[in-house]
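All remarks here apply to the structure that follows.
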Amino acid sequence: MHFIIVGGKEALAAAKAKSYKNIPEDHWEILSDHFASKDVEKDFSQNSEKRSKQLYAPGPGSLSIIGHIHKEGNPETVELMSPIDCFEEKHFKNNSWRNENTQQKHAKMVASREEALTQAQAQAHKIADPVDLALSAESIVGSLPRLKSVGVLRAASISNVAAVQREHAETITSMKQQLAEKDAEYQHKLEEHQAKTQRRLDDQQWLLQSLIAQLDNNGLNIQLLPLTQPPPPPSSQ
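Positions in the sequence shown are counted from 1; adding 6 to them yields our numbering.
If you want it as structure tokens, here you go:
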């Protein structure tokens, strides 16, 4: 990335004049020639093409999704950050989305959440509002006949209203459970995607270390900053 920022292949002389951190200038010139080679250019083009097909572009940072949700939560109320808000913070940068797919996915998640909350609030409002049980019974079973047994019929109608209220309460509980399951499924997918991204970063770091090691074997000595974690061992294949 530094090689591209300081000029890249198009301005190779300028790129060579701006070495990376503590790498000696003569070593940096060798690395610059390598980065400007056709093999590296081919690999770069292939990687760029693969990244353009990713549905979710990887974001910077090593904090896991779970860790991020806990970190951004409210310490006073012990309320965690919602997965939808976490998704927006990861993929909405500099007042724009990383790609069209992330914007569409976020819009669908927000619409789904608002629809579920609206339905739950409507059901809760119906249950919470005090109503005349007689009127409710009449709306369900029709007008009550004016007979001597009207007391028995009215009691039966009230029982029907209670059954409807229980059904509404069960519906709200079921909707809340479905929303929680969707959030959990989405969170699991985010964790899998982050793990894959981290493995790709580890592979790239290992390749860079291998290149430095080859240069050292040729009599060069390049010092890099220590890694936050050891690179993975090379594949046995």
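Just so you know, even glycine gets a beta-carbon here, dropped at the ideal spot from N, CA and C.
Predicted model, so just to flag it, every value in this text is computed and none were measured.
Span separating the alpha-carbon of Ala190 from that of Ser88
10 Å
Could you give the distance in angstroms between the alpha-carbon of Leu69 and the alpha-carbon of His33?
33 Å
I need the DSSP call for Lys44, collapsed to helix, strand or coil.
helix
Cα-Cα separation, Val158 to Ala169
Residue confidence is low: Val158 scores 46 on pLDDT, short of 50, so the model does not pin down where it sits. Its coordinate-derived value is still stated next. Taking the straight line from one Cα to the other gives about 17 Å.
Give a yes or no on contact between the region 79 to 86 and the region 172 to 192, applying the rule of three or more CB pairs nearer than 8 Å.
no
Whose CA, out of Asp39, Glu94, Val12, Ala128, lies closest to the CA of Gln247?
Residue 247 lies beyond the stretch modelled for the chain, which goes from 7 to 243, so this question has no answer here.
Would Gln125 be called buried (16 or more neighbouring beta carbons within 10 Å of its own) or exposed?
exposed
CB-CB under 7 Å to Ala122, same chain, minus the five flanking residues each way: which ones, in chain order?
Met181, Leu185
What's the call for Leu213, buried or exposed, on a 16-neighbour Cβ count within 10 Å?
exposed
Pair every Cβ in the region 7 to 26 with every Cβ in the region 37 to 52, then say whether three or more of these pairs are closer than 8 Å.
yes
When the distance is taken between beta carbons, is Gln129 closer than 8 Å to Thr177?
yes
Between the Cα of Ile10 and the Cα atoms of Asn107, Pro30, Val46, which residue gives the shortest distance?
Val46
Within a Cβ cutoff of 6 Å, which residues of the same chain sit near Ile75, ignoring the five residues on either side of it in sequence?
Leu86, Met87, Cys92
Cβ shell of Arg119 (< 8 Å), same chain only, five flanking positions each side left out
Ile90, Leu185
Range of the contiguous alpha helix (DSSP H) that encloses Gly73:
71 to 77
Bridge partners for Glu85 per DSSP, in chain order?
Asn80
Ignore the nearest five residues each way along the sequence and tell me which others in Ile71's own chain have a CB closer than 7 Å to its CB.
Cys92, Gln193, Leu196, Glu197, Gln200
For a test of the three-state rule: what should DSSP assign to Lys99, helix, strand or coil?
strand
Among Asn53, Ala113, His131, which residue has its Cα nearest to the Cα of Arg206?
Asn53
On the DSSP letters alone, give me the boundaries of the alpha helix (DSSP H) that Lys15 sits inside.
That residue, Lys15, is in no alpha helix (DSSP H); it is neither H nor E in DSSP.
What is the rounded straight-line gap between the Cα of Arg104 and the Cα of Lys111?
12 Å
For the alpha helix (DSSP H) holding Ile10, just list the boundary residues, first then last.
8 to 11
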